[in-house]
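Peer 1:
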Amino acid sequence: MSEEKKEQTRGEQLRRALLYEKKNGYDRLIEGELEAMEAYCTGYKQFLDAGKTERECVDRTITLAEKAGFRPYVRGTELKAGDKVYRINRGKAITLAVIGKKSLAEGANIGAAHIDSPRLDLKQNPLYETDELAYLKTHYYGGIRKYQWVTIPLELHGVVALKSGQTVRVSVGNGPDDPLFTIGDLLPHLGVEQSKKPLGEAIPAESLNILVGSRPLEDDEGKERVKLAALELLNRKYGITEEDFISAELCAVPAFNARDIGFDRSLIGSYGHDDRVCAYATLTAILQLNDPEYTAVCMLADKEEIGSEGVTGMKSAAFDTFMEDLCQAQGVPLRVCFEKSFCLSADVTAAYDPNFAEVYEKRNSAFVNYGMGLCKYTGARGKSGASDASAELVARVRRVLDSANVVWQMAELGKVDAGGGGTVAAYMAQRNIDTLDAGVPVLSMHAPFETVGKLDCYMTFKGMKAIFEMI
Ligand SMILES: [Zn+2]
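The sequence shown begins at 286 in the working numbering and counts up by one.
(1) Report the option in 310, 348, 304, 562 whose CA atom is closest to the CA atom of residue 691.
(2) For residue 705, would you say it is in contact with chain B, using Cβ-to-Cβ distances shorter than 8 Å as the test?
(3) For residue 351, verify whether its CB is less than 7 Å away from any heavy atom of ligand 2.
(4) Among 734, 732, 651, 685, which has the Cα closest to the Cα of residue 246?
(5) Kindly indicate which three-state DSSP category residue 731 falls into: helix, strand or coil?
(6) For residue 535 and residue 441, which I take to be in contact (beta-carbon distance under 8 Å), what is that distance rounded to the nearest angstrom?
(7) Secondary structure at residue 480, three-state DSSP: helix, strand or coil?
(8) Name, in chain order, the residues that DSSP records as bridge partners for residue 357.
(9) Compute the minimum distance between the beta carbon of residue 558 and the heavy atoms of ligand 1, and state whether it is under 7 Å.
(10) Is the CB-CB distance between residue 628 and residue 389 below 8 Å?
(11) Helix, strand or coil for residue 341? Go by DSSP, reduced to three states.
(12) Let me check understanding here. Comparing Cα to Cα, which of 455, 553, 293 lies closest to residue 521?
(13) To which residues of the same chain is residue 668 closer than 7 Å at the C-beta, ignoring the five residues directly before and after it?
(14) State yes or no: is the C-beta of residue 339 within less than 8 Å of the C-beta of residue 559?
(15) Look at residue 749 and residue 630 and say whether their C-beta atoms are less than 8 Å apart.
(16) Let's test the definition: count the other Cβ atoms within 10 Å of the Cβ of residue 561 and tell me whether it reaches 16, buried, or not, exposed.
(17) Please list the terminal residues of the continuous alpha helix (DSSP H) segment that includes residue 454.
(18) Looking at C-alpha atoms only, which residue of 611, 722, 582, 695 is the closest neighbour of residue 637?
(19) Would you call the segment 453-471 and the segment 366-384 in contact, with 3 or more CB pairs under 8 Å?
(20) With residue 520 as the anchor, note down where its alpha helix (DSSP H) starts and where it stops.
(21) Indicate the three-state DSSP secondary structure (helix, strand or coil) for residue 549 in the structure shown.
(22) State the beta-bridge partners of residue 693 as determined by DSSP.
(23) Taking 7 Å as the line, does the beta carbon of residue 442 fall inside it for any heavy atom of ligand 1?
(24) Return the first residue and the last residue of the alpha helix (DSSP H) that residue 496 is part of.
(25) Let me know if residue 404 comes out buried or exposed under the rule of 16 or more other beta-carbons within 10 Å of its beta-carbon.
(26) How would you label residue 415, buried or exposed, when you count the other beta carbons within 10 angstroms and need 16 or more for buried?
(27) Excluding five sequence neighbours on each side, which residues of the same chain lie with their C-beta closer than 8 Å to the C-beta of residue 427?
(28) Got a sec: does ligand 1 put a non-hydrogen atom nearer than 7 Å to the Cβ of residue 590?
(29) Can you check which of these residues, 504, 490, 593, is closest to residue 706 by C-alpha distance?
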């Protein structure tokens, strides 16, 4: 090649000017970003290991928020620009806000993610003994592929609420010397019939029983000595009896901590990326915010995986109540604030997986390392259940992300009619809030061990920050 600049052909000029070219995020990073990305992901991995249930995520969020100067909002207290407040909803969801310079009558910039993840909940009468082994019955929570949950190590997390009003926290498996639990599967030698079944039928839900003990109570002639011995241990450690399971929320989660994946350590493998990867991005962005133009709101919701139902889900009026309290402090009607607000529904999307190329439509899929994935719409079949963001809204977000040097891409979950999914976006839009879906592309979404690209995690954080700083 000669030194002098070669003149572009007409074709080259047109290509540059007209074609939409996608580029790997690693070819688009600006100076210092590799280091910033690593540092960010270290914090994210700690967040994952500390928060394996929505309650634990709320606890961790409070610790980080208090450190950043956030305080619980007391209804009726005055609010001024720069104030940092939060409110917990029943220990399972949390909303944080940084008050903007402009009145809430001008709207708020909202980031909404969820902190519940697919898992195995214990039933309310879970403990039983059969053939001198003790088990816990489970009821799966969220969309899981049941065959993925057998023969992996499991931890037990949650609470037991006693009749006295006291709540006991349970966490077994997270400590270095803790025992773990597991669910059995057939050995291949005897799995001939099972192997003929479709994947979805090979492991029935009622066979997802967790093995919790095998040693019988000593010096006893009675029945169910293994179950009794297990209960004695629980009683000694937590002060609970079998009846207390009735008012308990205990769940089994994979006993995997977050780890770097790949020779190049460019990915993170963990349980619960969906949707803690976006929750952490939204949270970190608001924690770093000072004196925004518009009020910034970070909503970390519960129950998204089962349809955003219930008092702690995104359909709950708890969010409106908190926002109304903020509005009232400024004499603004809530509906006026909502109609001017913007929400980025920060939830994960499916990353294109070359091993299963047949379910993706490559032109419109999100790719690992191509940045934050924007979904104009979600839903299934003919966009059923979708919150389809307006073209104008997508244009505005393109502008904001580009001017903040955020690497982003468009994302559609998979081929039309291959399946589908939804997020909290629809419930934000129902409130008359302009809403767009965006988030991190995930490989093996909803599996006990999901994988994401570090670059996409970092870009989603950068994107959320740009949204909160949007004017
Ligand atoms: Zn999900």
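Glycine included, C-beta positions come from ideal geometry on N, C-alpha and C.
Peer 2: The relevant details are as follows:
(1) Against the sequence shown, residue 691 aligns to sequence position 406. Of 310, 348, 304, 562, the residue nearest in Cα terms is 310.
(2) Included in the structure is just one protein chain, with no chain B present.
(3) This structure does not include ligand 2; its bound ligands are ligand 1.
(4) Because the chain here runs from 286 to 756, residue 246 falls outside it and cannot be looked at.
(5) Sequence index remark: in the sequence shown, residue 731 carries index 446 (1-based). The answer is coil: DSSP assigns residue 731 none of H, G, I, E or B.
(6) Walking along the sequence shown from the start, residue 535 turns up at place 250. Walking along the sequence shown from the start, residue 441 turns up at place 156. A Cβ-Cβ distance of about 6 Å is found for the pair residue 535 and residue 441, placing them in contact under the 8 Å criterion.
(7) Mapped onto the sequence shown, residue 480 falls at position 195. Secondary structure of residue 480 (DSSP, three-state): helix.
(8) Taking the sequence shown and counting its residues from 1, one reaches residue 357 at position 72. Answer is 371, bridged to residue 357.
(9) Here the question's residue 558 lines up with position 273 in the sequence shown. Answer for residue 558: no, Cβ out of range of ligand 1.
(10) Position 343 of the sequence shown, counting from 1, holds the residue named residue 628. Position 104 of the sequence shown, counting from 1, holds the residue named residue 389. No Cβ-Cβ contact shorter than 8 Å links residue 628 with residue 389.
(11) The residue given as residue 341 occupies position 56 in the sequence shown. Residue 341 falls in the helix class under three-state DSSP.
(12) What you label residue 521 is simply residue 236 of the sequence shown in a count that begins at 1. A check of alpha carbon separations from residue 521 across 455, 553, 293 identifies 455 as the nearest.
(13) As a working mapping, residue 668 is identified with position 383 in the sequence shown. Once the five neighbours on either side are set aside, the close Cβ partners of residue 668 are 662.
(14) Residue mapping note: residue 339 aligns to position 54 of the sequence shown, counting from 1. Residue mapping note: residue 559 aligns to position 274 of the sequence shown, counting from 1. No, these two residues do not count as a Cβ contact at 8 Å.
(15) For the purposes of this step, residue 749 is taken as residue 464 along the sequence shown, with counting starting at 1. For the purposes of this step, residue 630 is taken as residue 345 along the sequence shown, with counting starting at 1. Taking 8 Å as the Cβ cut-off, residue 749 and residue 630 do not qualify as a contacting pair.
(16) The count along the sequence shown starts at 1 and reaches residue 561 at position 276. If you draw a 10 Å sphere on the C-beta of residue 561, you find 16 or more other C-beta atoms in it, and that means buried.
(17) What you label residue 454 is simply residue 169 of the sequence shown in a count that begins at 1. Judged by DSSP secondary structure, residue 454 falls outside any alpha helix (DSSP H) and instead within the beta strand (DSSP E) spanning 452-457.
(18) Within the sequence shown, residue 637 is the residue found at index 352, counting from 1. Closest option to residue 637, Cα to Cα, is 695.
(19) No, they do not touch.
(20) Residue mapping note: residue 520 aligns to position 235 of the sequence shown, counting from 1. Residue 520: member of the alpha helix (DSSP H) spanning 510-523, first to last residue.
(21) By one-based count along the sequence shown, residue 549 stands at place 264. Annotated three-state conformation of residue 549 is coil, per DSSP.
(22) To locate residue 693, count along the sequence shown from 1; it is residue 408. Looking at the DSSP assignment, residue 693 forms a beta bridge with 657.
(23) Position 157 of the sequence shown, counted from the first residue, corresponds to residue 442. At a cut-off of 7 Å, the beta-carbon of residue 442 does not count as near ligand 1: no heavy atom of the ligand is closer than that.
(24) On the sequence shown, position 211 is the one that residue 496 refers to. First-last for residue 496: 495-498, but that is the beta strand (DSSP E), not the alpha helix (DSSP H).
(25) On the sequence shown, position 119 is the one that residue 404 refers to. Under this definition residue 404 is a buried residue.
(26) Working through the sequence shown from its first residue, we reach residue 415 at position 130. Looking at its Cβ environment, which holds fewer than 16 other Cβ atoms inside 10 Å, residue 415 is exposed.
(27) For this step, residue 427 is matched to residue 142 along the sequence shown. The answer, listed in chain order, is 401, 402, 403, 404, 590, 591, 731.
(28) Here residue 590 refers to the residue found at position 305 of the sequence shown. Correct: residue 590 has its Cβ closer than 7 Å to ligand 1.
(29) Within the sequence shown, the letter at position 421 stands for residue 706. In terms of Cα proximity to residue 706, the closest of 504, 490, 593 is 593.
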